[in-house]
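A.B. asks: Before I ask anything, here is the structure I am working with.
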Amino acid sequence: MQVKANDYPKESARLLREEPQVRESVTGATLNFDRNRRAAYAEVGAEAWRDWAERVKNHVLTHLDSYLEQAERALIANGVQVHWAEDAEQAQRIVAEVARAAGVKKVVKAKSMLSEELGINPMLSSMGIETLETDLGEYIIQLLDQPPSHIVGPAIHLGLEQIRALFHQRFGTPPDATPDALAGVARKLLREGFLQADMGISGGNFLVAETGTLALIENEGNIRLSTSVPRIHLALVGIEKLLPRFSDLAVFLSLTARAATGQRLGTFVSLLHGPRQASEPDGPEAVHVVFVDNGRSAVLADPEAWETLRCVRCGACLNACPVYRQTGGHAYGYVYSGPIGAVLAPGLVGLEETQPLPYASSLCGACYEVCPVKIPIPKLLLAWRQRAVEENLTPRLEKAAIQGYAWAMTQPWAYRLAAKALRLLPEKALDNTVVPVLKAWVEGRAGLKPSPKSFRELWEEGL
Amino acid sequence: MRVALFVTCLADQFLAEAGVAAVKLLRHLGVEVEFPPAQTCCGQPAYNAGYWNEARQMAAHTLGVFEDAEYVVLPSGSCTAMVRSFYPELYRDMPRKFSKAEALSRKTYELAEFIVKVLGVSTLGLGLEGQRIAYHHGCHALRELGIKDEPLTLLANAGASLVPWEAAIECCGFGGLFSVKLPEVSLSMADRKLSTLPEVDVLTSADGGCLLHLSGRIAHRRLNVAVKPLASVLWEAAQKTPEVDAHAG
Ligand code: SF4
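In order, the protein sequences belong to chains A and B. Here the first sequence is numbered in UniProt numbering, starting from 1 and rising by one per residue. Here the second sequence is numbered in UniProt numbering, starting from 1 and rising by one per residue.
Structure, rendered in structure tokens:
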């Protein structure tokens, strides 16, 4: 996909100014998700679960090569065709070849962030293949030709009014249709899609190395239909999605659902084991699993970034993030947004193209507090910032200012002099941008004035 | 008992009253207060922005300034976090400096935390009777240091009514350089936080940066809330205290 992360400062400001309803929709929805998560965590020993999940994931990540081999063997034994894609281009080529060989004309898609990352939809449409997103939120943003705004709720930035207007315009539904009525219209359209499609494409929440089980979590049933009705099912799975044993699934499925939406379990959980057997009435004739790297092994090899790969894409960190809440995901200019996007993007596509993202955080730590696999996001953000400084990617003026500041702060006399100067500034000086970087700061906040005397002066005069 | 006060640069320049209140309060509680004059800034802005070399320069300076202190107390949660959690982090690959940083880390406290945990005082007086107070938890104090109940206990025991605030533990959007780099997002976060503020007489916090940011926004939007540093409010709490003398000495 196209990465526009360097526009984050401009884009976030623009969204706040020009599309304030985005902030309203996103804030409302994320607060709600977060409340539900808290309640669902409180029902279980969430801390112990998180510790355990962190350990299991760390174990997989530090033995990834052998688990990938084991997974491949298990999948092949189940009759699944396994492919390996090093980057987005290879992944696209594999999907294209599978589709071409099977004479595919129509594809239904189950919601998959990885397929967004890889740019599968535009590639299919360039082949003349029609692709239908079947997750309701994903379907809505497909109609609008927008990328997802949230890992779990792709259309989280839209209000009911906007969806009503969209459906009114496209499908002639009444301008005041109820959410149920809107969903009904979409359901009918999607049903036809399922019946006509030759191929279903999904992602994978987890893949069990021991048994080759592909696990998928959802609430609408569309994933189940996408993976079982068409004659071919192709799953795109990031290499970091492995779990060692079948018995690990139970906690991971529940922990993920609890973190994402506050549910004990997704309404539908599918555990898939390959194509239809002779004795089975339905299911696809052929199943393909494409293991995708696309920058992941580089992240894994990076001692400061590898923990990012524990992520189970629950979106809890987005829901808890007060920065994400202001703009939703589009401002970030990358498929994964919010706190996890800010640390994953530089790892997957490079810091030069994503430099503002590690700074898109006040380091409040709410993301770490909620993450079901305890990814230390604030620490990772700091590591990327450090690297941005090392690689000279930060503004020259900023660097000079910080160097000057550090120098002054280690010379107590210089500190005193600066404090004097601060007090000699004319009354309105701070309001009038004597210091250019402070301009925007002071504009939105009235009355920034130094105390008439500094504490130090008062102390020296005798307290 | 001797305490070295680390007022930190922002409070020194912009919230001198917080430092003054901290001195009076600590003396009132029978503590001898010193102010090592070479102190400047803890280095947090540089650390957070990724400039670790510069942060190390400032940390090294501060380590020297407070080396001989018995306790170091700060009227600021995030600067406390800088000294206590992040100084050791800065030096994790430099064993000698690391052990110095750890030694400083062990004797460094945020003011309310020091009063409750080290002095063992949980009632300062009754000077806040009848006041409705909202408390903003600075993120670093709350999540990095786990300081949550100490300030609340001191306020409540002084007779304040702590008004429940839906967004009490949400980030206000200050974040040091964050608010300079992304001013619109930062302001929008302050607005979200303030939009849920219940009706109170005073908004307070242990974090000076957050307070400057919030009070600036409050003034800009002409909202009617008094904003005071926690140290000042706690000193006020100690003003009406027949029995507090028992704690002194
Ligand atoms: S980083 Fe943690 S909280 Fe965020 S999406 Fe990944 S697993 Fe969920």
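Positions of the beta carbon are idealized from the N, C-alpha and C atoms, including for glycine.
1) With 16 as the cutoff for other CB atoms within 10 Å, does B:Ala81 come out buried or exposed?
2) Strictly below 8 Å CB to CB, what residues from chain A border B:Trp52?
3) Would you decide whether A:Gly404 is buried or exposed? Buried here means 16 or more other CB atoms lie within 10 Å of its CB.
4) Is the beta carbon of A:Arg50 sitting closer than 8 Å to the one on A:Val269?
5) Which residues, taken in chain order from the region 206 to 240 of chain B, show a beta carbon closer than 8 Å to some beta carbon of chain A?
6) Could you give the distance in angstroms between the alpha-carbon of A:Lys399 and the alpha-carbon of B:Glu17?
7) Identify each residue in the region 100 to 121 of chain B for which the Cβ-Cβ distance to at least one residue of chain D is less than 9 Å, and report them in chain order.
8) Output yes or no for whether 8 Å exceeds the beta carbon distance between A:Tyr139 and A:Glu130.
9) At a CB distance below 8 Å, what residues from the region 11 to 35 of chain A approach chain B? Give them in sequence order.
10) Run through chain A and tell me which residues come within less than 9 Å of B:Pro37, C-beta to C-beta.
11) Could you tell me if the beta carbon of B:Ile169 falls within a distance shorter than 7 Å of some heavy atom in ligand 1?
12) Is it buried or exposed, B:Met94, if we count other Cβ atoms within 10 angstroms and call 16 or more buried?
13) Could you pull the start and end residues of the alpha helix (DSSP H) that A:Ile151 belongs to?
14) Within 7 Å: the Cβ of A:Cys314 and any heavy atom of ligand 3?
15) Spell out a yes or no on whether the region 165 to 178 of chain A and the region 351 to 361 of chain A are touching, meaning 3 or more CB-CB pairs, one atom from each, closer than 8 Å.
16) Identify, in the order they occur along the chain, each residue of the same chain with its Cβ nearer than 8 Å to the Cβ of B:Thr153, setting aside the five sequence neighbours on each side.
17) If the cut is a Cβ gap below 8 Å, which residues of chain A does B:Glu144 touch?
18) On the three-state DSSP scale, how would you describe A:Trp49?
19) Could you name the residues of chain B that A:Glu54 contacts, counting a contact when the two beta carbons are closer than 8 Å?
20) Would you please state the rounded distance, in angstroms, between the beta carbons of B:Ala4 and B:Tyr71? I believe it to be under 8 Å.
21) Comparing the C-beta of B:Gln13 with each C-beta of chain A, is any distance below 8 Å?
22) If the cut-off is 7 Å on Cβ atoms, which residues from the region 181 to 196 of chain B count as contacting chain A, listed in chain order?
23) Less than 8 Å between the beta carbons of A:Ala39 and A:Gly262, yes or no?
24) With DSSP as the reference, label A:Ile120 as helix, strand or coil.
25) From the beta carbon of A:Pro346, is the nearest beta carbon of chain B less than 8 Å away?
26) For A:Glu352, would you say it is in contact with chain B, using Cβ-to-Cβ distances shorter than 8 Å as the test?
27) List the residues of chain B whose Cβ lies closer than 9 Å to the Cβ of A:Leu118, in chain order.
28) Could you check if A:Gln21 is buried or exposed, using at least 16 other CB atoms within 10 Å of its CB as the buried criterion?
29) What does the Cβ neighbour count give for A:Leu265, buried or exposed, with the cut at 16 atoms within 10 Å?
30) Can you name, in chain order, every residue of its own chain whose Cβ lies under 6 Å from the Cβ of A:Leu422, other than the five neighbours on each side?
31) On a Cα-Cα basis, can you pick out the residue from B:Asn48, B:Ala38, B:Glu54 that is closest to A:Ala383?
32) DSSP three-state label for A:Gly238, please.
33) Rounded to the nearest angstrom, how far is the Cβ of A:Arg310 from that of A:Glu54, given a contact under 8 Å?
34) Pick out the complete beta strand (DSSP E) segments inside the region 115 to 188 of chain B, 3 residues or longer, and give them in chain order.
35) Tell me which same chain residues have a C-beta within less than 6 Å of the C-beta of B:Ala45, skipping the five on either side of it?
36) Does the Cβ-Cβ distance between A:Val60 and A:Pro175 come in under 8 Å?
C.D. replies: Put simply:
1) The sequence position of residue 81 of chain B within the second sequence is 81, counting from 1. The residue in question, B:Ala81, is buried, as its Cβ has 16 or more Cβ neighbours within 10 Å.
2) To locate residue 52 of chain B, count along the second sequence from 1; it is residue 52. Result: Gln386, Val389.
3) For the purposes of this step, residue 404 of chain A is identified with residue 404 of the first sequence, where counting begins at 1. With fewer than 16 other Cβ atoms within 10 Å, it is exposed.
4) Within the first sequence, residue 50 of chain A is the residue found at index 50, counting from 1. Within the first sequence, residue 269 of chain A is the residue found at index 269, counting from 1. Going by beta carbons, A:Arg50 and A:Val269 fall outside the 8 Å limit.
5) For the region 206 to 240 of chain B, the set of positions with a beta-carbon nearer than 8 Å to some beta-carbon of chain A reads Leu212, His213, Ser215, Gly216, Arg217, Ala219, His220 in chain order.
6) Taking the first residue of the first sequence as position 1, residue 399 of chain A is located at position 399. Taking the first residue of the second sequence as position 1, residue 17 of chain B is located at position 17. C-alpha of A:Lys399 to C-alpha of B:Glu17: approximately 32 Å in a straight line.
7) In the structure shown, chain D cannot be found, because the protein chains are A and B.
8) Residue mapping note: residue 139 of chain A aligns to position 139 of the first sequence, counting from 1. Residue mapping note: residue 130 of chain A aligns to position 130 of the first sequence, counting from 1. Taking 8 Å as the Cβ cut-off, A:Tyr139 and A:Glu130 do not qualify as a contacting pair.
9) From the region 11 to 35 of chain A, only Ser12, Ala13, Leu16, Arg17, Arg23, Thr27 have a Cβ closer than 8 Å to chain B.
10) The residue labelled residue 37 of chain B in the question sits at position 37 within the second sequence. In chain order: Pro412, Arg456, Trp459, Glu460.
11) Locating residue 169 of chain B in the second sequence gives position 169, where the first residue counts as 1. No; taking the cut-off as 7 Å, the Cβ of B:Ile169 has no heavy atom of ligand 1 nearer than that.
12) One-based indexing of the second sequence puts residue 94 of chain B at position 94. B:Met94 comes out exposed.
13) Reading the first sequence from its first residue, position 151 is the one you call residue 151 of chain A. No alpha helix (DSSP H) holds A:Ile151; DSSP gives it neither H nor E.
14) The model depicted lacks ligand 3 and carries ligand 1 instead.
15) No: fewer than three Cβ pairs fall under 8 Å.
16) Translated into the one-based positions of the second sequence, residue 153 of chain B becomes position 153. Excluding sequence neighbours, B:Thr153 sits near Val116, Ser122.
17) Your numbering for residue 144 of chain B matches position 144 in the second sequence. Counting only Cβ-Cβ distances below 8 Å, B:Glu144 has contacts in chain A at Gly365, in chain order.
18) Translated into positions along the first sequence, residue 49 of chain A becomes position 49. For A:Trp49, the secondary structure class from DSSP, reduced to helix, strand or coil, is helix.
19) Locating residue 54 of chain A in the first sequence gives position 54, counting from the first residue. Those within 8 Å of A:Glu54 in chain B number zero; the least Cβ separation is about 18 Å.
20) As a first step, residue 4 of chain B is located in the second sequence; it is residue number 4 there, counting from the start. As a first step, residue 71 of chain B is located in the second sequence; it is residue number 71 there, counting from the start. For B:Ala4 against B:Tyr71, the beta-carbon gap comes to about 7 Å, under 8 Å, which counts as contact.
21) By 1-based counting over the second sequence, the position of residue 13 of chain B is 13. So yes, B:Gln13 belongs to the interface.
22) Of all residues in the region 181 to 196 of chain B, only Lys181, Leu182, Pro183, Glu184, Val185, Leu187, Ser188, Met189, Arg192 come within less than 7 Å of chain A when Cβ atoms are compared, listed by chain position.
23) Here residue 39 of chain A is taken as the residue at index 39 of the first sequence, counted from 1. Here residue 262 of chain A is taken as the residue at index 262 of the first sequence, counted from 1. In contact: A:Ala39 and A:Gly262 (Cβ atoms closer than 8 Å).
24) One-based indexing of the first sequence puts residue 120 of chain A at position 120. Here A:Ile120 sits in helix by DSSP.
25) Taking the first sequence and counting its residues from 1, one reaches residue 346 of chain A at position 346. False, the Cβ-Cβ gap to chain B never drops below 8 Å.
26) Here the question's residue 352 of chain A lines up with position 352 in the first sequence. Residue contact with chain B for A:Glu352: absent (no Cβ-Cβ distance below 8 Å to any residue of chain B).
27) Position 118 of the first sequence, counting from 1, holds the residue named residue 118 of chain A. Under the 9 Å cutoff, chain B gives no residues; its nearest Cβ is about 29 Å from A:Leu118.
28) Translated into the one-based positions of the first sequence, residue 21 of chain A becomes position 21. Looking at its Cβ environment, which holds fewer than 16 other Cβ atoms inside 10 Å, A:Gln21 is exposed.
29) To locate residue 265 of chain A, count along the first sequence from 1; it is residue 265. By the neighbour-count rule (16 or more Cβ atoms within 10 Å), A:Leu265 is not buried but exposed.
30) The residue you call residue 422 of chain A lines up with position 422 of the first sequence. Leaving aside the five residues that flank A:Leu422 on each side, the residues in its chain whose CB is nearer than 6 Å to its CB run, in chain order, Pro450.
31) For the purposes of this step, residue 383 of chain A is taken as the residue at position 383 of the first sequence. Nearest option by C-alpha distance: B:Asn48.
32) Start at 1 with the first residue of the first sequence, and residue 238 of chain A comes out as number 238. A:Gly238 falls in the strand class under three-state DSSP.
33) Residue 310 of chain A sits at position 310 when you count from the first residue of the first sequence. Residue 54 of chain A sits at position 54 when you count from the first residue of the first sequence. With a Cβ gap of about 7 Å, A:Arg310 and A:Glu54 count as contacting.
34) Those beta strand (DSSP E) runs which fall completely within the region 115 to 188 of chain B and span 3+ residues are 132 to 136.
35) One-based indexing of the second sequence puts residue 45 of chain B at position 45. First, the amino acid is wrong: residue 45 of chain B is Pro here, not Ala. Within the same chain, Cβ atoms closer than 6 Å to the Cβ of B:Pro45 are found at Gly176, Leu177, the five residues on either side in sequence being excluded.
36) Taking the first sequence and counting its residues from 1, the one referred to as residue 60 of chain A is at position 60. Taking the first sequence and counting its residues from 1, the one referred to as residue 175 of chain A is at position 175. No, the pair does not count as a contact, with Cβ atoms beyond the cut-off.
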